[in-house]
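In UniProt numbering, the protein residues as written are 1 to 498. What follows is a single structure, written as structure tokens, with notes after it.
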Ligand code: SF4
């Protein structure tokens, strides 16, 4: 699945927050948002605070289009938060663009949210009953109102703890309350958030690539259920473990697909995890072919690990016809980087044409040869079918498809715009039936156990909802794979001592 231009899943958001000692926050935030652009392309925004008032600018489109020099000059203050967003279809408008910023009796608030609450409606109805008026249908505003209400009779830490006790779902948040920037991660750690040190300051970001671009050092991931408060003068940070759970529910798809390969998430370099997934793929379903080839760019790290493991297996093979020599790992599909993204081309015909516009086979690598084509996932199957056809048209004698993740059988409710069950090719088909649809000579996916091994994480600490149909949250009409329940909503908040 090639990022951004197929009908593949789309990450909905990237978040960042900084506190600096002696320079304005706007430009570091702007650069960090550039580094997180792959997590959202529909809007970008920054909110800053100079100790007296809050400044904000939110624009539609890519980061480079959303801000002018003058916009950045107008964002005063050494603390701030930023956001890139990809909304679900149908709500592409500025009312849901983030950071969400607003002034309450309890002070000014800015919120950047990555994730999705599964009980937002319940909390919203409760707050509406208490007189809160909402301006958008987004769940970020629900968190903002709940936090503002709790800030009326508690300090920031208590207020966040209470809000965490009411909201249920996935969230990695950077929040600015007046001139204090905090970051928090939901108790299951479903979406990523990390902490880094800058020259004269600190940063919170969805991915460590945003820290790298600021010449900073990654300190560590924010822990599930943890609140990190950045000192306003950039001198340090404090942390509070507000909620603790026995198991986490990290989104395994971050490692497989969403995150940049150069990011470190949950202590693992994403590129190396993908290579390891490729090695596992060879171990489970390797097949000897003339050449191993990635789907650019999504399959590259997987294919490299797969080919490496295949070469090692040849070296140790007792079968003399197979032993010795590296397995050829080659690019066979050339990508045209200047073709627009297909998710802005809504029809099936447009999507199919976009594949041909985007990728062209390199005939000399393919002609007269058997090919193993490696990708990270199959969503609808349209792209895979097109790619297999392209390779046959270029003269491949056989095309074997290997996928570095299990079949996607169910939608995501945690902030990933995946597809509906009806659209997912694997929701009601066996692997053999999918192979027939995409037209490959063979097809194999990676097992869930192999994913857990490659991530070096216990299966019980991963979210696997989209590949099992069982979720780590209490979602209406869906099964859960653990002992979870939504918080009871209603009535007054707990006492200020909680
Ligand atoms: S359902 Fe899939 S994409 Fe969604 S959070 Fe879980 S693992 Fe990630």
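All residues carry an ideal CB built from backbone N, CA and C; glycine is no exception.
With DSSP collapsed to three states, give me the class of residue 335. Locating residue 335 in the chain shown gives position 335, counting from the first residue. Three-state result, residue 335: strand.
Quick one: using the 10 Å Cβ neighbour count with 16 as the cut-off for buried, is residue 385 buried or exposed? Residue numbering aside, residue 385 sits at position 385 when the chain shown is read from its first letter. Classification for residue 385: buried.
Identify which residue in 289, 220 and 227 has its Cα closest to the Cα of residue 268. Locating residue 268 in the chain shown gives position 268, counting from the first residue. Here the closest residue by C-alpha is 220.
Our contact map puts residue 499 next to residue 295 with C-beta atoms below 8 Å; I'd like the distance itself, whole angstroms only. The requested residue 499 does not occur in the structure, where the chain is confined to residues 1 to 498.
Could you check what DSSP says for residue 412 in three-state terms: helix, strand or coil? Locating residue 412 in the chain shown gives position 412, counting from the first residue. Coil.
Contacting residues, own chain, Cβ-Cβ under 8 Å from residue 27 (five flanking each side not counted): Translated into positions along the chain shown, residue 27 becomes position 27. Cβ within range, chain order: 72.
Quick check on residue 125: buried or exposed, where buried means 16 or more other Cβ atoms within 10 Å of its Cβ? Working through the chain shown from its first residue, we reach residue 125 at position 125. So residue 125 ends up on the exposed side.
Nonlocal neighbours in the same chain, by C-beta distance under 6 Å from residue 139, ignoring five residues either side: As a position in the chain shown, residue 139 is number 139, starting the count at 1. For residue 139, where only same-chain residues beyond five positions count, the Cβ hits under 6 Å are 117 and 120.
Is the beta carbon of residue 443 within less than 7 Å of some heavy atom of ligand 2? Only ligand 1 can be found as ligands here, which leaves ligand 2 out of the picture.
Would you say the beta carbon of residue 293 comes nearer than 7 Å to a heavy atom of ligand 1? Stepping through the chain shown from its first residue, residue 293 is reached at position 293. It does not: the Cβ of residue 293 is nowhere closer than 7 Å to a heavy atom of ligand 1.
Among 289, 271 and 290, which residue has its Cα nearest to the Cα of residue 304? Taking the chain shown and counting its residues from 1, one reaches residue 304 at position 304. It is 271.
What residue range does the alpha helix (DSSP H) around residue 300 cover? Looking up residue 300 in the chain shown gives position 300. Note, residue 300: alpha helix (DSSP H), 300 to 316.
Using DSSP bridges, identify the partner residues of residue 31. By 1-based counting over the chain shown, the position of residue 31 is 31. Paired residue(s): none; residue 31 is not in a bridge.
What residues are listed by DSSP as bridge partners for residue 360? Position 360 of the chain shown holds residue 360. Its beta-bridge partners are 334.
Alpha-carbon spacing of residue 67 relative to residue 37, whole angstroms: In the chain shown, counting from the first residue as 1, residue 67 sits at position 67. In the chain shown, counting from the first residue as 1, residue 37 sits at position 37. Near 14 Å, if we compare the C-alpha coordinates of residue 37 and residue 67.
Contact criterion: CB-CB distance below 8 Å. Does residue 439 meet it with respect to chain B? You won't find chain B in this structure, because it holds only one protein chain.
May I ask whether a heavy atom of ligand 1 can be found less than 7 Å away from the beta carbon of residue 416? Walking along the chain shown from the start, residue 416 turns up at place 416. Result yes, Cβ under 7 Å from ligand 1.
Through-space distance from residue 109 to residue 447, alpha-carbon basis: In the chain shown, the residue the question calls residue 447 occupies position 447. In the chain shown, the residue the question calls residue 109 occupies position 109. Distance between the alpha carbons of residue 447 and residue 109 is about 44 Å.
Considering only heavy atoms of ligand 1, does any lie closer than 7 Å to the CB of residue 190? Within the chain shown, numbered from 1, the residue matching residue 190 stands at position 190. Yes, the Cβ of residue 190 comes within 7 Å of a heavy atom of ligand 1.
For residue 355, which residues from the same chain have a beta carbon less than 6 Å from its beta carbon, with the 5 sequence-adjacent residues on both sides left out? Sequence index remark: in the chain shown, residue 355 carries index 355 (1-based). Counting only Cβ-Cβ distances below 6 Å, and skipping sequence neighbours, we find 383 and 386.
Assign residue 153 to one of three DSSP states: helix, strand, or coil. Looking up residue 153 in the chain shown gives position 153. DSSP places residue 153 in coil when its eight states are reduced to three.
Assign residue 118 to one of three DSSP states: helix, strand, or coil. Working through the chain shown from its first residue, we reach residue 118 at position 118. Three-state result, residue 118: coil.
Comparing the CB of residue 463 with every heavy atom of ligand 1, is any distance shorter than 7 Å? Looking up residue 463 in the chain shown gives position 463. Result yes, Cβ under 7 Å from ligand 1.
As a quick exercise: from 326, 314 and 360, pick the residue whose alpha carbon is nearest that of residue 336. Along the chain shown, one-based indexing puts residue 336 at 336. The shortest C-alpha separation from residue 336 is found at 360.
Are there three or more Cβ pairs, one per stretch, closer than 8 Å when the region 247 to 260 is compared with the region 421 to 439? no
Would you identify the three-state DSSP class for residue 448, choosing helix, strand or coil? Mapped onto the chain shown, residue 448 falls at position 448. Looking at residue 448 - three-state DSSP - the assignment turns out to be helix.
Can you grab the Cα-Cα spacing for the pair residue 166 / residue 185, in whole Å? Counted from its first residue, the chain shown places residue 166 at position 166. Counted from its first residue, the chain shown places residue 185 at position 185. The alpha-carbon atoms of residue 166 and residue 185 are separated by roughly 14 Å.
Once DSSP output is grouped into helix, strand and coil, what is the label at residue 148? Counted from its first residue, the chain shown places residue 148 at position 148. In this structure, residue 148 counts as helix in the three-state DSSP scheme.
My guess is that residue 147 and residue 159 are in contact by the Cβ rule of under 8 Å, so how many angstroms apart are they, rounded? Working through the chain shown from its first residue, we reach residue 147 at position 147. Working through the chain shown from its first residue, we reach residue 159 at position 159. Confirmed, about 6 Å.
Please report the distance separating the alpha-carbon of residue 486 from that of residue 113. Stepping through the chain shown from its first residue, residue 486 is reached at position 486. Stepping through the chain shown from its first residue, residue 113 is reached at position 113. Computed Cα separation, rounded: 20 Å.
Can you check whether the CB of residue 286 is closer than 8 Å to the CB of residue 234? Taking the chain shown and counting its residues from 1, the one referred to as residue 234 is at position 234. Taking the chain shown and counting its residues from 1, the one referred to as residue 286 is at position 286. It is not a contact, given that the beta carbons lie outside the stated cut-off.
For residue 173, report the span of its beta strand (DSSP E) as first-last. Here residue 173 refers to the residue found at position 173 when the chain shown is read from its first residue. Counting along the chain, the beta strand (DSSP E) containing residue 173 begins and ends at 169 to 177.
Please go through the same chain and pick out, in chain order, the residues whose beta-carbon is closer than 7 Å to the beta-carbon of residue 440, but skip the five residues on each side of it. Against the chain shown, residue 440 aligns to sequence position 440. Correct list, in chain order: 388, 399, 400 and 401.
Between residue 79 and residue 25, which are expected to be in contact by the criterion C-beta below 8 Å, what is the C-beta distance as a whole number of angstroms? Looking up residue 79 in the chain shown gives position 79. Looking up residue 25 in the chain shown gives position 25. Residue 79 to residue 25, Cβ: 6 Å. Contact.
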